[in-house]
Amino acid sequence: MTTRITHWIGGAPTTASAARAGDVFDPATGAVTGRVDLADAATVGAAVAVAEEAAQEWRQASLSRRAQVMFAFRELLNARKEELAEIITAEHGKVLSDALGEVTRGQEVVEFACGIPNLMKGSFSEGVSAGVDVTSVRQPLGVVAIISPFNFPAMVPMWFFPLAIAAGNAVILKPSEKDPSAAMWMAARFKEAGLPDGVFNVVHGDKEAVDAILEHPGIAAVSFVGSTPIARYVYEQGTRAGKRVQALGGAKNHMLVLPDADLDLAADAAVNAGFGSAGERCMAISALVAVDPIGDELVQRIVDRMGKLRTGDGRRGCDMGPLVTAAHRDRVASYLDIGAEEGATVAVDGRDVGDVDGDADGFWLKPSLLDHVTPTMRVYTDEIFGPVLSVLRASSYDEGLGLINANPYGNGTAVFTNDGGAARRFREEVQVGMIGINVPIPVPMAYYSFGGWKASLFGDTHAHGADGVHFYTRGKVVTSRWLDPSHGGLNLGFPQHD
Ligand code: NAD
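Quick note, our numbering runs 75 ahead of the 1-based positions in the sequence shown.
If you want it as structure tokens, here you go:
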């Protein structure tokens with residue numbers, strides 16, 4: 076039995092048949108559980124037409140009404156988040172507790188967006204000149220699009236749509252075609268929360284749908300999250316078409332462990348951040364840099380801990396689930412051979428999956444460790460995006476820092492040390508957007524902004540926080556004179572204020 080997953084346009088699932096559709100898998104069983112419609116340009120156009128009309132009315136809704144709808148959505152989400160977590164696990168594979176964690180982090184942005192009346196406040200200057208006042212306001216853009224990746228089917232869309240909607244825009248969400256059902260569940264909850272039809276739409280699809288979004292003149296802004304090559308493409312095409320674009324890309328997050336660090340803390344952190352969600356997190360640690368002489372000792376402690384992890388079906392209380400597709404599992408697993416050929420040591424080989432707690436046809440790869448990795452190896456230069464942790468050795472703090480700063484990505488990084496001075500230097504000197512000090516996955520809270528540097532972000536605006544409000548609104552400044560209607564007669568000079 077496979078479920079058909081259609082688009083959500085104008086407050087309801089679409090019924091028209093689609094020319095193209097894609098398979099959706101349960102990664103823990105390998106079974107096809109759904110067929111998702113893949114939109115063409117006409118379907119994207121239909122969604123934009125509905126959203127444009129809805130945006131006209133929604134921007135007129137009072138700030139209180141917008142906050143109330145967001146609050147009602149928050150209540151529904153909070154009360155039923157286990158349902159959403161189950162949907163995520165069934166299509167992504169991550170373990171249920173992790174899926175619930177993802178929903179909770181997304182919910183924090185919804186809660187932040189409930190404060191939209193405060194966040195949208197403008198400014199006012201009385202008497203900039205005799206009888207003249209100036210006020211600034213921020214207004215919504217109209218229709219905005221969100222294009223999201225497979226690895227956080229609920230949280231990443233929630234980085235964006237709460238603020239976009241609360242600010243008075245209409246949204247078209249194009250989720251990953253690999254796990255499209257979470258978006259449909261959230262759309263249905265918005266309808267229950269009282270959001271007018273057409274303000275939140277979901278269009279499924281692949282490159283064809285993305286290209287249609289990038290070309291459509293009715294879409295004012297695009298928020299994208301995914302791999303770096305596609306992020307660059309989306310940024311270039313979207314800005315060429317005159318849109319405002321923020322495109323968050325891939326990552327290669329380093330964890331620098333200094334010799335004075337608490338090695339048990341560092342080993343726990345490396346395992347948690349390296350193998351949580353099977354390494355399919357943009358903030359996963361994928362490269363651990365051990366500063367001499369602690370390398371061997373740290374690797375041993377990590378290997379000991381890896382032996383205790385249980386891999387299996389995310390619904391069975393395991394530590395780590397399967398990878399998202401068979402093709403992705405095969406690609407990630409191939410890096411173990413590539414690493415060995417390049418001279419790395421395969422310290423733990425996760426391809427022996429005999430004891431996983433799940434169906435034999437699931438997309439399994441157990442936690443794997445490559446030691447003695449060097450900066451020119453492909454296992455280091457490529458984003459692997461799976462449960463393969465690489466360990467490099469450095470002779471000093473400076474060498475470790477140099478590695479991180481030379482890397483083209485700059486999403487997240489962490490330093491482990493008990494030396495406050497070293498931590499302070501790291502904070503100041505490292506060229507990365509999100510920094511952890513004895514914290515391995517430093518994901519900012521909703522009221523700060525999320526975003527990387529260098530090839531991890533195209534555009535200058537990060538997700539949520541003050542940046543999010545800024546991205547989904549544009550400024551307008553009004554200069555007015557009421558009390559002193561006199562004027563100085565004809566004067567072609569540039570206006571000056573006394
Ligand atoms: P992806 O780039 O393959 O896909 C992302 C989105 O782009 C999807 O909606 C997909 O349908 C669409 N897409 C795919 N190929 C396309 C093409 N050729 N043209 C136009 N659109 C296309 O990424 P993914 O595999 O779904 O997600 C994993 C990637 O996302 C990793 O690189 C990860 O680091 C990154 N990521 C980054 C962040 C961040 O905050 N920087 C967060 C999560 C994930």
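From the three backbone atoms N, C-alpha and C, an ideal C-beta is built for every residue, glycine too.
inquiry  = Closer than 7 Å to a non-hydrogen atom of ligand 1 - does that hold for the CB of Lys249?
reply    = Taking the first residue of the sequence shown as position 1, residue 249 is located at position 174. Result yes, Cβ under 7 Å from ligand 1.
ask   = Counting pairs of beta carbons, one from the stretch 216-233 and one from the stretch 283-297, are three or more of them closer than 8 Å?
value = yes
key: Spatially closest choice to Gln506 from Phe491, Asn486 and Gly437, by CA coordinates   = Indexing the sequence shown from 1 puts residue 506 at position 431. Ranking the options by Cα distance to Gln506, first place goes to Asn486.
ask   = Within the present structure, is the beta-carbon of Cys393 separated from the nearest heavy atom of ligand 3 by less than 7 Å?
value = No copy of ligand 3 appears in this structure; the ligands present are ligand 1.
request  = Less than 8 Å between the CB atoms is what I'm expecting for His279 and Val111, so what's the real figure, rounded?
outcome  = Position 204 of the sequence shown holds residue 279. Position 36 of the sequence shown holds residue 111. A Cβ-Cβ separation of about 5 Å places His279 in contact with Val111 under the 8 Å criterion.
ask   = The alpha helix (DSSP H) spanning Lys156 covers which residue range?
value = If you number the sequence shown from 1, residue 156 lands on position 81. It spans Lys156 to His167 - the alpha helix (DSSP H) in which Lys156 sits, taken as one unbroken run.
ask   = What number of angstroms, rounded off, separates the C-alpha of Thr456 from the C-alpha of Gly414?
value = Looking up residue 456 in the sequence shown gives position 381. Looking up residue 414 in the sequence shown gives position 339. Between Thr456 and Gly414, the C-alpha separation is close to 11 Å.
task = Would you mind reading off the limits of the alpha helix (DSSP H) that contains Arg406?
result = As a working note, residue 406 is residue 331 in the sequence shown. Residues Ala401 to Glu417.
ask   = Going by Cα to Cα distance, which pick from Glu166, Phe275 and Val514 is closest to Ala336?
value = For the purposes of this step, residue 336 is identified with residue 261 of the sequence shown, where counting begins at 1. Per the Cα distances, Val514.
query = Which stretch, first to last residue, makes up the alpha helix (DSSP H) that contains Ser256?
reply = The sequence position of residue 256 within the sequence shown is 181, counting from 1. Residues Ser256 to Glu267.
Beta-carbon spacing of Ala242, Thr451 below 8 Å = The sequence position of residue 242 within the sequence shown is 167, counting from 1. The sequence position of residue 451 within the sequence shown is 376, counting from 1. The answer is no: Cβ separation not under 8 Å.
query = So, are the CB atoms of Val212 and Val203 less than 8 Å apart?
reply = Numbered from 1 along the sequence shown, position 137 holds the residue referred to as residue 212. Numbered from 1 along the sequence shown, position 128 holds the residue referred to as residue 203. No.
task = Please name the residue or residues paired with Thr420 in a DSSP beta bridge.
result = Numbered from its first residue, the sequence shown carries residue 420 at position 345. In the DSSP output, where bridge partners are listed per residue, Thr420 has Asp446.
request  = Just confirm the distance between the C-beta atoms of Pro228 and Val300, as a whole number of angstroms; I'd bet it's less than 8 Å.
outcome  = By one-based count along the sequence shown, residue 228 stands at place 153. By one-based count along the sequence shown, residue 300 stands at place 225. Pro228 to Val300, Cβ: 11 Å. No contact.
request  = Please report the residue range of the alpha helix (DSSP H) in which Asp173 lies.
outcome  = As a working mapping, residue 173 is identified with position 98 in the sequence shown. Run containing Asp173: Leu171 to Ala188, per the alpha helix (DSSP H) assignment.
ask   = What residues match up with Phe491 in a beta bridge as DSSP calls it?
value = Sequence index remark: in the sequence shown, residue 491 carries index 416 (1-based). DSSP lists Val332 as partners of Phe491.
Three-pair Cβ contact test at 8 Å for the stretch 432-445 versus the stretch 381-388 = yes
Enclosing beta strand (DSSP E) for Pro623 [first to last residue] = Nothing in the structure corresponds to residue 623, since the chain is present only between 76 and 573.
query = Counting along the chain, where does the alpha helix (DSSP H) carrying Lys282 start and finish?
reply = Against the sequence shown, residue 282 aligns to sequence position 207. Taken as a continuous stretch (DSSP letters only), the alpha helix (DSSP H) holding Lys282 covers Lys282 to Glu290.
key: Nearest-angstrom Cβ-Cβ length linking Glu166 and Ser256, presumed shorter than 8 Å   = Taking the first residue of the sequence shown as 1, we reach residue 166 at position 91. Taking the first residue of the sequence shown as 1, we reach residue 256 at position 181. Taking 8 Å as the upper bound for CB-CB distance, Glu166 and Ser256 are in contact here, some 6 Å apart.
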